[in-house]
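Asks: Input: one structure, supplied below.
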(Lines of atoms letter the chains of each structure in order from A and count residues from 1; the text may use other names and numbers.)
(Lines give C-alpha, C1' and ligand atoms only; values in the text may rest on other atoms or scores of the structure.)
Protein backbone atom coordinates (compact mmCIF):
# COMPACT_ATOMS: atom_id res chain seq x y z
CA UNK A 1 0.00 0.00 0.00
CA UNK A 2 1.55 3.31 -1.06
CA UNK A 3 -0.59 5.45 1.27
CA UNK A 4 -1.86 8.93 0.69
CA UNK A 5 1.52 10.47 -0.26
CA UNK A 6 3.63 8.38 -2.70
CA UNK A 7 7.13 8.99 -1.29
CA UNK A 8 9.71 6.95 -3.24
CA UNK A 9 13.47 7.53 -3.61
CA UNK A 10 13.17 8.79 -7.18
CA UNK A 11 10.40 11.14 -6.22
CA UNK A 12 12.47 12.61 -3.39
CA UNK A 13 15.53 12.99 -5.63
CA UNK A 14 13.46 14.78 -8.25
CA UNK A 15 12.00 17.08 -5.61
CA UNK A 16 15.45 17.88 -4.25
CA UNK A 17 16.79 18.64 -7.75
CA UNK A 18 13.89 20.98 -8.47
CA UNK A 19 14.36 22.67 -5.09
CA UNK A 20 18.08 23.21 -5.77
CA UNK A 21 17.41 24.61 -9.23
CA UNK A 22 14.78 26.91 -7.75
CA UNK A 23 17.27 28.23 -5.16
CA UNK A 24 19.91 28.71 -7.88
CA UNK A 25 17.50 30.70 -10.01
CA UNK A 26 16.58 32.83 -7.02
CA UNK A 27 20.22 33.50 -6.22
CA UNK A 28 21.31 34.34 -9.81
CA UNK A 29 19.72 37.83 -9.93
CA UNK A 30 21.45 38.76 -6.70
CA UNK A 31 24.78 37.56 -8.09
CA UNK A 32 24.25 39.42 -11.38
CA UNK A 33 23.78 42.77 -9.67
CA UNK A 34 27.31 42.99 -8.35
CA UNK A 35 29.37 45.43 -10.46
CA UNK A 36 32.85 44.93 -9.17
CA UNK A 37 34.51 41.64 -9.90
CA UNK A 38 35.02 39.72 -6.70
CA UNK A 39 37.00 36.59 -6.04
CA UNK A 40 33.70 34.73 -5.82
CA UNK A 41 33.09 35.57 -9.49
CA UNK A 42 36.28 33.94 -10.58
CA UNK A 43 36.15 30.45 -12.09
CA UNK A 44 37.34 29.06 -8.79
CA UNK A 45 34.51 30.89 -6.99
CA UNK A 46 31.98 29.29 -9.36
CA UNK A 47 33.46 25.88 -8.67
CA UNK A 48 33.16 26.44 -4.91
CA UNK A 49 29.57 27.58 -5.34
CA UNK A 50 28.73 24.47 -7.37
CA UNK A 51 30.49 22.25 -4.85
CA UNK A 52 28.65 23.99 -2.02
CA UNK A 53 25.39 23.62 -3.94
CA UNK A 54 26.10 19.91 -4.56
CA UNK A 55 26.86 19.36 -0.84
CA UNK A 56 23.67 21.11 0.23
CA UNK A 57 21.71 19.24 -2.44
CA UNK A 58 23.27 15.93 -1.34
CA UNK A 59 22.41 16.66 2.29
CA UNK A 60 18.84 17.50 1.31
CA UNK A 61 18.51 14.31 -0.75
CA UNK A 62 20.06 12.27 2.07
CA UNK A 63 17.71 13.87 4.61
CA UNK A 64 14.69 13.22 2.44
CA UNK A 65 15.88 9.65 1.82
CA UNK A 66 16.26 9.01 5.56
CA UNK A 67 12.94 10.71 6.35
CA UNK A 68 11.03 8.87 3.61
CA UNK A 69 10.21 5.75 5.73
CA UNK A 70 8.93 8.01 8.50
CA UNK A 71 6.83 10.00 6.07
CA UNK A 72 5.64 6.80 4.39
CA UNK A 73 4.64 5.18 7.71
CA UNK A 74 3.07 8.43 8.82
CA UNK A 75 1.17 8.63 5.53
CA UNK A 76 0.01 5.01 5.93
CA UNK A 77 -1.07 5.72 9.52
CA UNK A 78 -3.02 8.77 8.34
CA UNK A 79 -4.56 6.66 5.58
CA UNK A 80 -5.61 3.99 8.09
CA UNK A 81 -7.11 6.62 10.37
CA UNK A 82 -9.01 8.11 7.45
CA UNK A 83 -10.32 4.63 6.57
CA UNK A 84 -11.31 4.02 10.21
CA UNK A 85 -13.02 7.39 10.31
CA UNK A 86 -14.93 6.51 7.12
CA UNK A 87 -16.02 3.19 8.64
CA UNK A 88 -17.07 4.93 11.87
CA UNK A 89 -18.99 7.52 9.85
CA UNK A 90 -20.77 4.76 7.90
CA UNK A 91 -21.67 2.99 11.15
CA UNK A 92 -22.96 6.26 12.61
CA UNK A 93 -24.98 6.91 9.44
CA UNK A 94 -26.45 3.41 9.66
CA UNK A 95 -27.42 3.96 13.30
CA UNK A 96 -28.91 7.35 12.43
CA UNK A 97 -31.00 5.79 9.66
CA UNK A 98 -32.18 3.04 12.03
CA UNK A 99 -33.13 5.61 14.69
CA UNK A 100 -34.97 7.71 12.09
CA UNK A 101 -36.82 4.61 10.89
CA UNK A 102 -37.82 3.79 14.48
CA UNK A 103 -38.93 7.38 15.06
CA UNK A 104 -40.97 7.26 11.85
CA UNK A 105 -42.71 4.08 13.09
CA UNK A 106 -43.25 5.34 16.63
CA UNK A 107 -46.71 6.80 15.88
CA UNK A 108 -47.76 3.53 14.30
CA UNK A 109 -46.35 1.56 17.26
CA UNK A 110 -48.17 3.80 19.76
CA UNK A 111 -51.43 3.39 17.80
CA UNK A 112 -50.96 -0.40 17.78
CA UNK A 113 -50.25 -0.39 21.54
CA UNK A 114 -53.38 1.67 22.19
CA UNK A 115 -55.48 -0.65 20.02
CA UNK A 116 -54.04 -3.70 21.79
CA UNK A 117 -54.70 -2.11 25.21
CA UNK A 118 -58.30 -1.33 24.17
CA UNK A 119 -58.80 -4.90 22.93
CA UNK A 120 -57.37 -6.23 26.19
CA UNK A 121 -59.57 -3.92 28.26
CA UNK A 122 -62.67 -4.91 26.25
CA UNK A 123 -61.83 -8.60 26.62
CA UNK A 124 -61.29 -8.15 30.36
CA UNK A 125 -64.60 -6.27 30.68
CA UNK A 126 -66.40 -9.07 28.82
CA UNK A 127 -64.73 -11.66 31.03
CA UNK A 128 -65.77 -9.77 34.19
CA UNK A 129 -69.35 -9.42 32.87
CA UNK A 130 -69.51 -13.14 32.05
CA UNK A 131 -68.13 -13.98 35.49
CA UNK A 132 -70.67 -11.64 37.14
CA UNK A 133 -73.50 -13.24 35.10
CA UNK A 134 -72.40 -16.76 36.06
CA UNK A 135 -72.12 -15.75 39.73
CA UNK A 136 -75.55 -14.07 39.59
CA UNK A 137 -77.00 -17.23 38.01
CA UNK A 138 -75.39 -19.36 40.70
CA UNK A 139 -76.75 -17.05 43.43
CA UNK A 140 -80.20 -17.14 41.83
CA UNK A 141 -80.15 -20.95 41.63
CA UNK A 142 -79.06 -21.14 45.27
CA UNK A 143 -81.82 -18.70 46.26
CA UNK A 144 -84.41 -20.73 44.27
CA UNK A 145 -83.24 -23.92 45.98
CA UNK A 146 -83.48 -22.24 49.39
CA UNK A 147 -86.94 -20.91 48.56
CA UNK A 148 -88.09 -24.37 47.39
CA UNK A 149 -86.64 -25.97 50.54
CA UNK A 150 -88.30 -23.33 52.73
CA UNK A 151 -91.58 -23.81 50.85
CA UNK A 152 -91.48 -27.59 51.36
CA UNK A 153 -90.60 -27.13 55.02
CA UNK A 154 -93.43 -24.65 55.50
CA UNK A 155 -95.86 -27.01 53.69
CA UNK A 156 -94.82 -29.89 55.99
CA UNK A 157 -95.18 -27.63 58.98
CA UNK A 158 -98.56 -26.47 57.71
CA UNK A 159 -99.70 -30.07 57.23
CA UNK A 160 -98.48 -30.98 60.70
CA UNK A 161 -100.27 -27.97 62.14
CA UNK A 162 -103.44 -28.79 60.19
CA UNK A 163 -103.33 -32.43 61.37
CA UNK A 164 -102.79 -31.37 64.95
CA UNK A 165 -105.60 -28.85 64.77
CA UNK A 166 -107.87 -31.50 63.17
CA UNK A 167 -107.04 -33.94 65.95
CA UNK A 168 -107.65 -31.28 68.60
CA UNK A 169 -110.95 -30.29 67.00
CA UNK A 170 -112.01 -33.90 66.64
CA UNK A 171 -111.05 -34.54 70.25
CA UNK A 172 -113.02 -31.50 71.35
CA UNK A 173 -116.06 -32.58 69.31
CA UNK A 174 -115.86 -36.12 70.63
CA UNK A 175 -115.55 -34.96 74.18
CA UNK A 176 -118.53 -32.74 73.71
CA UNK A 177 -120.75 -35.28 71.89
CA UNK A 178 -119.60 -38.49 73.58
CA UNK A 179 -121.71 -39.32 76.61
CA UNK A 180 -121.16 -42.40 78.80
CA UNK A 181 -124.12 -44.19 77.12
CA UNK A 182 -122.79 -43.38 73.63
CA UNK A 183 -119.37 -44.46 74.69
CA UNK A 184 -120.72 -47.82 75.91
CA UNK A 185 -122.67 -48.32 72.64
CA UNK A 186 -119.57 -47.49 70.61
CA UNK A 187 -117.55 -49.92 72.68
CA UNK A 188 -120.15 -52.66 72.20
CA UNK A 189 -120.16 -52.13 68.42
CA UNK A 190 -116.40 -52.36 68.39
CA UNK A 191 -116.39 -55.64 70.32
CA UNK A 192 -119.10 -57.05 68.04
CA UNK A 193 -117.07 -56.11 65.01
CA UNK A 194 -114.05 -57.87 66.50
CA UNK A 195 -116.09 -60.98 67.14
CA UNK A 196 -117.38 -61.03 63.60
CA UNK A 197 -113.96 -60.61 62.11
CA UNK A 198 -112.64 -63.41 64.32
CA UNK A 199 -115.25 -65.89 62.92
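In the working numbering, the protein residues as written are 84 to 282. We put the CB at the ideal spot given by N, CA and C, even for glycine. Since we're looking at a predicted model, the values are computed, not measured.
What's the gap between the Cα of residue 265 and the Cα of residue 239?
Replies: Their Cα atoms are separated by approximately 36 angstroms.
Asks: Inspect the CB distances between the region 129-136 and the region 164-174 and report whether three or more fall short of 8 angstroms.
Replies: Judged by Cβ distances under 8 angstroms, the region 129-136 makes no contact with the region 164-174, as fewer than three pairs qualify.
Asks: Measure the Cβ-Cβ separation of residue 107 and residue 136 and say whether it is below 9 angstroms.
Replies: Yes, they are a contact pair.
Asks: Among residues of its own chain, excluding the 5 on either side of residue 274, which ones have a beta-carbon nearer than 8 angstroms to its beta-carbon?
Replies: Nothing meets the Cβ criterion.
Asks: Can you tell which of 176, 99, 227, 155 has its C-alpha closest to the C-alpha of residue 141?
Replies: Nearest C-alpha to residue 141: 99.
Asks: What did DSSP end up calling residue 125 once you bin it into helix, strand or coil?
Replies: Coil at residue 125, not helix or strand.
Asks: Check residue 254 in the structure and name its three-state DSSP category.
Replies: Of the three classes helix, strand and coil, the one that applies to residue 254 here is helix, per DSSP.
Asks: Compute the distance between the beta-carbons of residue 103 and residue 139, then report whether it is under 9 angstroms.
Replies: Yes, the pair counts as a contact, with Cβ atoms nearer than the cut-off.
Asks: Can you check whether the CB of residue 144 is closer than 9 angstroms to the CB of residue 184?
Replies: No.
Asks: Straight-line CA distance for residue 230 to residue 277?
Replies: Answer to the nearest angstrom: the Cα atoms are 49 angstroms apart.
Asks: Spatial neighbours of residue 88 within its chain, please: C-beta separation below 6 angstroms, excluding the five flanking residues on both sides.
Replies: Because the pLDDT at residue 88 is just 48, under 50, the model does not fix this residue reliably, and the point stays unresolved.
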